[in-house]
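Colleague:
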């Protein structure tokens, strides 16, 4: 009874605060936009140069000049602004984006993140991922707990890093982990379990060392 | 006006500017805001051994993808090239060199290049493979990597509207890398969807001032592609 992708996104959306500027990666993170609580105002940053990205257009109203960083057609909002790529990444690098949600291949217990390349396979490039994890003060990873039965939460990443010590929180289908303060190697704390998931199951499927929060939430 | 910046077609707009082995910047993100017509003219010129600086490599049938088809590109400096099968094939065969830059670092290197800044420090990529061999400094307890400014022989830019002076405005997310690339090359050639008379723009609204623009060509017809057509149902 682990969390579905939608339930992971809904849990992630609880990290949002009113007035936040937010960047969403591709995959499960994209779903977070569907779970913004009513009455909360969030501006979505799209690193190709759009702040205040709106929902997909109605059929027939697509505009080739309005796309998000996933190259999908989106729409304008009354709050939308457009900037060039350097200004867009000034928002990122300068720490002006409050929170970033992204996927991962591996996360290490010290907050290292690997999500851009697998040696020996075709490398597509890191796009804006390295800038986002280095510049955004709170980085939340959304990923399946394991891949092909192998843990993705590790003592050390074996794949090339996207960023060193950059992850703040990890939400998997099995639970939620907090990572010690950015750049600090305090390690992982398990703070929540998904419904029907036992501590034993998490321990079995996690290579990284972690402590269990005294106030562990069993959803 | 002493200098005429307006050229009648893309071939004449590039005349005398192309040579083998040169470095060309091309604006655009995916296929949004790419200087398609100018890239076609580069293809038709037959110039080769190009180093191209562009966020992406287009798709197989559009953008810089068409220069890959004809093997005119020797090296790409990009942040992401996922949507191009020709690229993958040539790269895996060792026929194409690629230098990946994080997207924000690529943008800032171009901005810096255009602004006469030879290098800067960024936390992006610190502690990763892309920092290898680069100078590092610690500021306020944090590691930063030195990245150098980027310039080119030629910048190819797509803008929405231009006036005869070369002042430019862009349309929505088709702006992306175009304005910064316009500042960073020895010569900047711009294709536009519309020419407007001098004085039409509110000077407060101009994004790229004419000082950065050398040649302008108005497109007869503009083809805009969509990579991921995503829509929602009407309620």
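Residue numbers (the working numbering), protein chains in the order written: chain A, 8 to 226; chain B, 6 to 240.
Don't be surprised by glycine CBs; every beta carbon is placed ideally from N, CA and C.
These numbers were taken from a predicted model, which means no experiment stands behind them.
Would you say residue 148(A) and residue 111(A) are within 8 Å of each other, going by their C-beta atoms?
Modeller: Your numbering for residue 148(A) matches position 141 in the first chain. Your numbering for residue 111(A) matches position 104 in the first chain. Contact: yes.
Colleague: Kindly say whether residue 176(B), judged by its beta-carbon, lies nearer than 8 Å to any beta-carbon of chain A.
Modeller: Indexing the second chain from 1 puts residue 176(B) at position 171. By this cut-off, residue 176(B) is an interface position.
Colleague: In the DSSP output, what is residue 186(A) paired with across the bridge?
Modeller: Taking the first chain and counting its residues from 1, one reaches residue 186(A) at position 179. In DSSP, residue 186(A) forms a bridge with 195(A).
Colleague: Reducing DSSP to helix, strand and coil, say where residue 190(B) ends up.
Modeller: Within the second chain, numbered from 1, the residue matching residue 190(B) stands at position 185. Three-state result, residue 190(B): strand.
Colleague: Applying the criterion that 16 or more other CB atoms from any shown protein chain within 10 Å of the CB defines a buried residue, is residue 113(B) buried or exposed?
Modeller: The residue you call residue 113(B) lines up with position 108 of the second chain. Buried, since its Cβ has 16 or more Cβ neighbours within 10 Å.
Colleague: Under three-state DSSP, which class holds residue 24(B)?
Modeller: As a working note, residue 24(B) is residue 19 in the second chain. Here residue 24(B) sits in coil by DSSP.
Colleague: State buried or exposed for residue 226(B), treating a residue as buried only when at least 16 other CB atoms are found within 10 Å of its CB.
Modeller: Position 221 of the second chain, counting from 1, holds the residue named residue 226(B). It counts as exposed.
Colleague: Looking at C-alpha atoms only, which residue of 105(B), 56(B), 64(B) and 26(B) is the closest neighbour of residue 233(B)?
Modeller: Position 228 of the second chain, counted from the start, is the residue given in the question as residue 233(B). Comparing Cα positions, the closest option is 64(B).
Colleague: Measuring straight from C-alpha to C-alpha, what distance separates residue 220(B) and residue 133(A)?
Modeller: Residue 220(B) sits at position 215 when you count from the first residue of the second chain. Residue 133(A) sits at position 126 when you count from the first residue of the first chain. Rounded to whole angstroms, residue 220(B) to residue 133(A) spans 33 Å at the Cα level.
Colleague: Within its chain, find whatever has a CB closer than 6 Å to the CB of residue 124(A); leave out the 5 residues flanking it on each side and keep chain order.
Modeller: Along the first chain, one-based indexing puts residue 124(A) at 117. Excluding sequence neighbours, residue 124(A) sits near 130 and 167.
Colleague: According to DSSP, is residue 16(B) helix, strand or coil?
Modeller: What you label residue 16(B) is simply residue 11 of the second chain in a count that begins at 1. Residue 16(B) falls in the helix class under three-state DSSP.
Colleague: Can you tell me where the alpha helix (DSSP H) with residue 113(B) in it begins and where it stops?
Modeller: Position 108 of the second chain, counting from 1, holds the residue named residue 113(B). Run containing residue 113(B): 108–119, per the alpha helix (DSSP H) assignment.
Colleague: At a Cβ threshold of 8 Å, is residue 162(B) touching chain A?
Modeller: As a first step, residue 162(B) must be located in the second chain, where it is residue number 157. False, the Cβ-Cβ gap to chain A never drops below 8 Å.
Colleague: Measuring CA to CA, which of 133(B), 13(B), 121(B) and 93(B) is closest to residue 127(A)?
Modeller: On the first chain, residue 127(A) is found 120 positions in, with the first residue counted as 1. Nearest option by C-alpha distance: 93(B).
Colleague: In terms of DSSP beta bridges, what is residue 154(A) paired with?
Modeller: One-based indexing of the first chain puts residue 154(A) at position 147. DSSP output for residue 154(A) lists 157(A) as bridge partner(s).
Colleague: Who are the near neighbours of residue 28(A) in its chain, counting only those whose CB is closer than 6 Å to its CB and skipping five residues on each side?
Modeller: Counting from 1 along the first chain, the entry for residue 28(A) is found at position 21. Within the same chain, residue 28(A) has close Cβ partners 50, 52, 104 and 105.
Colleague: Can you give me the Cβ contacts of residue 214(B) inside the same chain, cut-off strictly under 7 Å, excluding the 5 residues immediately before and after it?
Modeller: Here residue 214(B) refers to the residue found at position 209 when the second chain is read from its first residue. So the list reads 172, once near-sequence residues are dropped.
Colleague: Just to confirm the assignment, what range does the beta strand (DSSP E) spanning residue 29(A) have?
Modeller: For the purposes of this step, residue 29(A) is taken as the residue at position 22 of the first chain. Looking at the DSSP string, the run of the beta strand (DSSP E) that includes residue 29(A) is 28–31.
Colleague: Report yes if the CB atom of residue 39(B) is closer than 8 Å to the CB atom of residue 58(B), and no otherwise.
Modeller: One-based indexing of the second chain puts residue 39(B) at position 34. One-based indexing of the second chain puts residue 58(B) at position 53. No, these two residues do not count as a Cβ contact at 8 Å.
Colleague: Quick one: is residue 44(A) buried, meaning 16 or more other Cβ sit within 10 Å of its Cβ, or exposed?
Modeller: Against the first chain, residue 44(A) aligns to sequence position 37. Residue 44(A) is exposed by the Cβ-count criterion.
Colleague: State yes or no: is the beta carbon of residue 191(A) nearer than 8 Å to at least one beta carbon in chain B?
Modeller: The sequence position of residue 191(A) within the first chain is 184, counting from 1. Because residue 191(A) sits at a pLDDT of 48, beneath the cut-off of 50, its placement in the model cannot be relied upon, and the following sentence gives the value as read from the coordinates. Closer than 8 Å: no.
Colleague: State the beta-bridge partners of residue 150(B) as determined by DSSP.
Modeller: Taking the first residue of the second chain as 1, we reach residue 150(B) at position 145. DSSP lists 127(B) and 141(B) as partners of residue 150(B).
Colleague: Distance check for residue 39(A) and residue 93(A), CA to CA, integer angstroms please.
Modeller: On the first chain, position 86 is the one that residue 93(A) refers to. On the first chain, position 32 is the one that residue 39(A) refers to. Taking the straight line from one Cα to the other gives about 26 Å.
Colleague: Could you tell me which of 202(B), 170(B) and 88(B) sits nearest to residue 60(B), measuring between CA atoms?
Modeller: Looking up residue 60(B) in the second chain gives position 55. Answer by Cα proximity: 88(B).
Colleague: Taking the C-alpha atoms as reference points, what is the distance between residue 194(B) and residue 78(B)?
Modeller: One-based indexing of the second chain puts residue 194(B) at position 189. One-based indexing of the second chain puts residue 78(B) at position 73. Computed Cα separation, rounded: 19 Å.
Colleague: So the beta strand (DSSP E) residue 221(A) belongs to, where does it begin and stop?
Modeller: Taking the first chain and counting its residues from 1, one reaches residue 221(A) at position 214. Where residue 221(A) is concerned, the enclosing beta strand (DSSP E) stretches over 217–225.
Colleague: On the DSSP letters alone, give me the boundaries of the alpha helix (DSSP H) that residue 223(B) sits inside.
Modeller: Within the second chain, numbered from 1, the residue matching residue 223(B) stands at position 218. Where residue 223(B) is concerned, there is no enclosing alpha helix (DSSP H), although the beta strand (DSSP E) it sits in stretches over 220–223.
Colleague: Determine whether the Cβ of residue 99(A) lies closer than 8 Å to any Cβ atom of chain B.
Modeller: On the first chain, position 92 is the one that residue 99(A) refers to. At least one chain B Cβ lies under 8 Å of residue 99(A).
Colleague: Counting only the same chain and skipping the five closest in sequence on each side, list residues whose C-beta sits under 7 Å from that of residue 136(A).
Modeller: On the first chain, residue 136(A) is found 129 positions in, with the first residue counted as 1. Closer than 7 Å at Cβ, skipping near neighbours: 109, 122, 123 and 169.
Colleague: Does any residue of chain B bring its CB to less than 8 Å from the CB of residue 141(A)?
Modeller: Position 134 of the first chain, counted from the first residue, corresponds to residue 141(A). Output row for residue 141(A): interface = yes.
Colleague: What are the residues that DSSP puts in a beta bridge with residue 113(A)?
Modeller: Here residue 113(A) refers to the residue found at position 106 when the first chain is read from its first residue. According to DSSP, residue 113(A) bridges with 121(A).
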